[in-house]
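In my numbering, the protein residues as written are 160 to 653.
Next up, the structure:
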């Protein structure tokens, strides 16, 4: 028989023998290969079919240079589009074959659910908050707040600094003193002696344009330390190498691109170094995580390769980076704190997940607060999860002074329709060993969309109080009935 005929017959039989199960395996493999290359592989069942189809998949395809269904990521200003093109987040050359994309597309939609229940099966009852007195606070009538972007309590001077979206900073215990006005919102303030490090974000909305500024403001001087920062959101000075000179660590959250950076002072000038070249850095803490006598850095990233990273410091102030907690991009990690929850001498991590303003806006049952315990070798195991829609900030503190860790949790994206009071939840630790917490809320929390939270012994009575800052914000799936309180002081009456 002719060799060509034999080959043709063999090909036909091979195609006929390719079962649906084989095709499923091929599609699954391509999904894992392509969609797991930029971040941890999303769980298909975590997002509804309609959101995959209309919001997530077009964005995913564009990031591989494949544009379909008239999706156009360049609908912003000319300047924004220019910097987006420079980032090359949307390659001009198609990086995936059309037939491979179609396999991924169909595989995802065949496994995505039509709907996801917004409320977890088991949710503990919330009780009325009694340990704290909820006291609304306002600025002077001549200078009303316009959406708060930061609150900072300076315990040394007993001053409270409050900034709003117009770029103003007010201070004192009644917020009647205007310290200064900036060109864009102030999102981070750190006070040290008589000086403050003030971080100006540049552009509040997601943007590739770097216009952030870092200032050092003292009593009689203002120093502009760094310009062209990419949406910086958190800055703290720390003497990492213990040479008597502070380095400045900056979370440049960015957008499609961003970085976690460090400013070193040399010969009177600051030099910038990129420690992590990824977007989404939002908060860090410093601790000797491997007990070698050097200060290490623990960083949270909430974009792309989402999770917790440890930067282990060497003698020459270089860093080895290790991602110790990894979550999918649908989780929206927003804040964390280092704590020793079980008092074994090792730093544990409590974090909240709840950013809900990007491509998949709906109430997610996997949003909430998570506790990860350290095994002593910086391997972290999730031991506890408490569901809270839209959880975005957490403060870990022994608020009731019974020698265990309680949690104050703020939600910027709660269930406004049914449980707007859960914009703030106080979780009192009842039995630490078995992770038993009692949940407390207050009805007055319904009167704000709480973006920021600060702690401190404001009234100097020996216990820790809490400030909440309101930032009115609406998305297509939220309904805020009233936004009348700019600041809510939760005064601990222990």
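A virtual CB, placed ideally from N, CA and C, is assigned to each residue, including glycine.
This one's a predicted model, so the numbers in the text were calculated from it and none came from an experiment.
message: For residue 543, list the residues DSSP reports as bridge partners.
response: Here the question's residue 543 lines up with position 384 in the chain shown. Residue 543 is bridged to 530.
- prompt: Anyone know if the C-beta pair for residue 605 and residue 579 falls short of 7 Å?
  reply: Position 446 of the chain shown holds residue 605. Position 420 of the chain shown holds residue 579. Yes, the pair counts as a contact, with Cβ atoms nearer than the cut-off.
task: Starting from residue 584, follow its DSSP beta bridges and name the residues at the other end.
output: Here the question's residue 584 lines up with position 425 in the chain shown. 568, per the DSSP bridge assignment.
message: Helix, strand or coil for residue 519? Go by DSSP, reduced to three states.
response: What you label residue 519 is simply residue 360 of the chain shown in a count that begins at 1. Of the three classes helix, strand and coil, the one that applies to residue 519 here is coil, per DSSP.
query: What are the boundary residues of the alpha helix (DSSP H) that residue 241 is part of?
result: Walking along the chain shown from the start, residue 241 turns up at place 82. Looking at the DSSP string, the run of the alpha helix (DSSP H) that includes residue 241 is 237 to 246.
query: In three-state DSSP terms, what is residue 186?
result: Counting from 1 along the chain shown, the entry for residue 186 is found at position 27. Reduced to three states, the DSSP call for residue 186 is helix.
task: Please check the pair residue 565 and residue 586, which I expect to be a contact at CB under 8 Å, by giving their CB distance rounded to whole angstroms.
output: Locating residue 565 in the chain shown gives position 406, counting from the first residue. Locating residue 586 in the chain shown gives position 427, counting from the first residue. With a Cβ gap of about 6 Å, residue 565 and residue 586 count as contacting.
task: Quick one: grab the DSSP three-state call for residue 367.
output: Start at 1 with the first residue of the chain shown, and residue 367 comes out as number 208. Of the three classes helix, strand and coil, the one that applies to residue 367 here is coil, per DSSP.
message: Going by the DSSP bridge assignment, what does residue 614 pair with across the sheet?
response: Here residue 614 corresponds to residue number 455 of the chain shown, with the count starting at 1. DSSP output for residue 614 lists 625 as bridge partner(s).
task: Check whether the segment 220 to 236 touches the segment 387 to 403, taking contact to mean three or more Cβ pairs, one atom from each stretch, closer than 8 Å.
output: no
query: Helix, strand or coil: which one does DSSP assign to residue 653?
result: The residue given as residue 653 occupies position 494 in the chain shown. Residue 653 falls in the coil class under three-state DSSP.
query: Nearest to residue 381 by alpha carbon, out of 356, 235 and 202?
result: Numbered from 1 along the chain shown, position 222 holds the residue referred to as residue 381. Answer by Cα proximity: 356.
field: Short CB-CB distance (under 7 Å) between residue 293 and chain C
entry: Protein chains in the displayed structure number just one, and chain C is not present.
message: Please give me, in chain order, every unbroken run of the beta strand (DSSP E) with length at least 3 that falls completely inside the segment 424 to 476.
response: 428 to 435, 440 to 446, 455 to 460 and 466 to 472
message: Using CA atoms only, rank isn't needed, just tell me which of 438, 456 and 439 is closest to residue 446.
response: Start at 1 with the first residue of the chain shown, and residue 446 comes out as number 287. The residue with the shortest Cα to Cα distance from residue 446 is 456.
task: Count the other C-beta atoms from every protein chain shown that fall within 10 angstroms of the C-beta of residue 413, then say buried if there are 16 or more, exposed otherwise.
output: The residue given as residue 413 occupies position 254 in the chain shown. Counting Cβ neighbours within 10 Å, residue 413 comes out buried, since at least 16 surround it.
task: Could you check how far apart the C-beta atoms of residue 395 and residue 424 are, in whole angstroms? I think they sit under 8 Å.
output: One-based indexing of the chain shown puts residue 395 at position 236. One-based indexing of the chain shown puts residue 424 at position 265. At roughly 15 Å, the Cβ-Cβ gap does not stay under 8 Å, so residue 395 and residue 424 are not in contact.
message: Whole angstroms are fine: how far does the CA of residue 312 sit from the CA of residue 591?
response: Looking up residue 591 in the chain shown gives position 432. Looking up residue 312 in the chain shown gives position 153. The straight-line gap from Cα to Cα measures roughly 29 Å.
message: Once the 5 residues before and after residue 557 are set aside, which same chain residues still bring their CB inside 7 Å of it?
response: Numbered from 1 along the chain shown, position 398 holds the residue referred to as residue 557. Closer than 7 Å at the Cβ level, and outside the excluded window around residue 557, lie 563, 564 and 565.
- prompt: DSSP state of residue 251, grouped into three classes?
  reply: For the purposes of this step, residue 251 is taken as residue 92 along the chain shown, with counting starting at 1. Coil at residue 251, not helix or strand.
- prompt: Should residue 304 and residue 645 be called a contact, given that it needs their Cβ atoms to be closer than 7 Å?
  reply: For the purposes of this step, residue 304 is identified with residue 145 of the chain shown, where counting begins at 1. For the purposes of this step, residue 645 is identified with residue 486 of the chain shown, where counting begins at 1. In contact: residue 304 and residue 645 (Cβ atoms closer than 7 Å).
query: Three-state secondary structure (DSSP) at residue 490?
result: As a first step, residue 490 is located in the chain shown; it is residue number 331 there, counting from the start. Correct three-state label for residue 490: coil.
message: Using 7 Å as the threshold, is the C-beta distance between residue 483 and residue 498 below it?
response: In the chain shown, the residue the question calls residue 483 occupies position 324. In the chain shown, the residue the question calls residue 498 occupies position 339. No, they are not a contact pair.
query: Helix or strand or just coil, what does DSSP make of residue 560?
result: Taking the chain shown and counting its residues from 1, one reaches residue 560 at position 401. Residue 560: coil per DSSP, three-state reduction.
query: With respect to the beta strand (DSSP E) encompassing residue 312, which residues constitute its N-terminal and C-terminal limits?
result: Position 153 of the chain shown, counting from 1, holds the residue named residue 312. First-last of the beta strand (DSSP E) with residue 312: 307 to 313.
- prompt: residue 411 and residue 397 look like a contact to me (Cβ under 8 Å); what is the Cβ gap, rounded to whole Å?
  reply: For the purposes of this step, residue 411 is identified with residue 252 of the chain shown, where counting begins at 1. For the purposes of this step, residue 397 is identified with residue 238 of the chain shown, where counting begins at 1. Not really, about 17 Å apart at Cβ, beyond 8 Å.
One or two residues paired with residue 478 in a DSSP bridge: Position 319 of the chain shown, counted from the start, is the residue given in the question as residue 478. DSSP lists 472 as partners of residue 478.
query: Given a threshold of 16 other Cβ atoms within 10 Å of its Cβ, counted over all protein chains shown, does residue 237 qualify as buried or as exposed?
result: Position 78 of the chain shown, counted from the first residue, corresponds to residue 237. Burial call: exposed.
task: Taking residue 494 and residue 442 to be in contact with their CB atoms under 8 Å, please state how far apart those CB atoms are, rounded to whole angstroms.
output: Taking the chain shown and counting its residues from 1, one reaches residue 494 at position 335. Taking the chain shown and counting its residues from 1, one reaches residue 442 at position 283. Right, their Cβ atoms sit about 6 Å apart.
Secondary structure of residue 205, DSSP reduced to three states: Here residue 205 is taken as the residue at index 46 of the chain shown, counted from 1. Correct three-state label for residue 205: helix.
- request: Pull up the CB-CB distance for residue 554 and residue 295, whole angstroms please, since I reckon it's below 8 Å.
  value: Taking the first residue of the chain shown as position 1, residue 554 is located at position 395. Taking the first residue of the chain shown as position 1, residue 295 is located at position 136. Contact doesn't hold; Cβ gap of about 20 Å is too wide.
message: Considering just the uninterrupted stretch of the alpha helix (DSSP H) at residue 263, what are its terminal residues?
response: Within the chain shown, the letter at position 104 stands for residue 263. Residue 263 -> alpha helix (DSSP H) spans 257 to 270.
field: Three or more C-beta pairs below 8 Å linking the segment 285 to 295 and the segment 313 to 329
entry: no
task: Please report the residue range of the alpha helix (DSSP H) in which residue 219 lies.
output: The residue labelled residue 219 in the question sits at position 60 within the chain shown. Residues 216 to 221.
task: Give the straight-line distance between the Cα atoms of residue 489 and residue 523, rounded to the nearest whole angstrom.
output: Along the chain shown, one-based indexing puts residue 489 at 330. Along the chain shown, one-based indexing puts residue 523 at 364. Going from the Cα of residue 489 to the Cα of residue 523 covers about 9 Å.
message: Residues in the same chain with beta-carbon distance under 8 Å from residue 280, minus the five sequence neighbours each way, listed in chain order, please.
response: As a first step, residue 280 is located in the chain shown; it is residue number 121 there, counting from the start. Low per-residue confidence applies at residue 280: pLDDT is 49, beneath 50, and the placement is therefore not dependable, though the value from the model is reported in the following sentence. Cβ neighbours of residue 280 beyond the five flanking positions: none.
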